[in-house]
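See structure below.
Numbering (the numbering used here), first residue to last: 953 to 1135.
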């Protein structure tokens, strides 16, 4: 089985389906933890429609889609959130479908996103996540991200991370237009 990762338009049907899967999972996890129920269908539809991902379009962003054996399996996005600090990009929408986790796809997506961030001129990546997303926090720590002070006012963010990107350090196989065999 092979992972491939390539840029994808944020508004493609593949990107939309993966965004819906991502948002459903993280929203349901939050609601189940804090309120004991899944996301209300009307709220899910409203948020999916409101957060189109347009900020992940070139020239100031990039959405990457991972495919496992040719099937859409996950995403990662990078964007330049502040024109005053063009050397800092934000990593967002890192997601791998549950049935494909544990096969190396998330690390490959993050490596490809780091390469895409370098392509946007970034020298560092920042991100935020929640306390209940323990798998995400472990992944970022394992990949060299360090926890930092708050860098945004997202009401759901509870942990903030940063990683300085080595100049010209390629991510190797599995990057933005590459593939790698990994069971």
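For each residue, glycine too, the CB sits at the ideal point set by N, CA and C.
Since we're looking at a predicted model, the values are computed, not measured.
When we look at the beta-carbon of residue i and count the other beta-carbons within 10 Å, is it buried (16 or more) or exposed?
| i | result |
| --- | --- |
| residue 1074 | buried |
| residue 1094 | exposed |
| residue 1098 | exposed |
| residue 1062 | buried |
| residue 1135 | Because the pLDDT of residue 1135 is 47, which lies under 50, any placement of that residue in the model is unreliable, and the number read from its coordinates should be weighed accordingly. Result: exposed. |
| residue 1051 | exposed |
| residue 1042 | buried |
Compare the C-alpha of residue i against each of the options and name the closest.
| i | options | result |
| --- | --- | --- |
| residue 1038 | 1064, 1061, 1069 | 1069 |
| residue 1079 | 1114, 1105, 979 | 1114 |
| residue 1077 | 1060, 1083, 1033 | 1033 |
| residue 1040 | 1065, 1053, 978 | 1065 |
| residue 966 | 1022, 991, 1051, 982 | 1022 |
| residue 1111 | 976, 990, 1101 | 1101 |
Enumerate in chain order the residues of its own chain whose CB-to-CB distance from residue i is below 8 Å, with the five nearest sequence positions on each side excluded.
| i | result |
| --- | --- |
| residue 1045 | 971, 974, 1005, 1008, 1015, 1027, 1028, 1029 |
| residue 1108 | 982, 1082 |
Excluding the 5 residues preceding and the 5 following residue i in the sequence, name in chain order all residues of the same chain whose CB lies nearer than 7 Å to its CB.
| i | result |
| --- | --- |
| residue 1057 | 955, 1018, 1020, 1025, 1026, 1048 |
| residue 1096 | 1115 |
Here's a check: name, in chain order, each residue in its chain whose Cβ is nearer than 6 Å to the Cβ of residue i, leaving out the five neighbours to either side.
| i | result |
| --- | --- |
| residue 1091 | 1058 |
| residue 978 | none |
| residue 1138 | The displayed coordinates of the chain run from 953 to 1135. Any statement about residue 1138 would go beyond what the structure contains. |
Any heavy atom of the ligand FAD closer than 6 Å to the beta-carbon of residue i?
| i | result |
| --- | --- |
| residue 953 | Judged by which ligands are present, the structure shown has none, so any question about the ligand FAD falls away. |
Cβ of residue i less than 7 Å from any chain C Cβ?
| i | result |
| --- | --- |
| residue 1051 | No chain C appears in the structure shown, which is made up of a single protein chain. |
In the DSSP output, what is residue i paired with across the bridge?
| i | result |
| --- | --- |
| residue 1015 | 1029 |
| residue 1059 | Residue 1059 pairs with nothing; no bridge assigned. |
| residue 961 | BP columns for residue 961 are empty, so no partner. |
Less than 8 Å between the CB atoms is what I'm expecting for residue i and residue j, so what's the real figure, rounded?
| i | j | result |
| --- | --- | --- |
| residue 981 | residue 1012 | Residue 981 to residue 1012, Cβ: 29 Å. No contact. |
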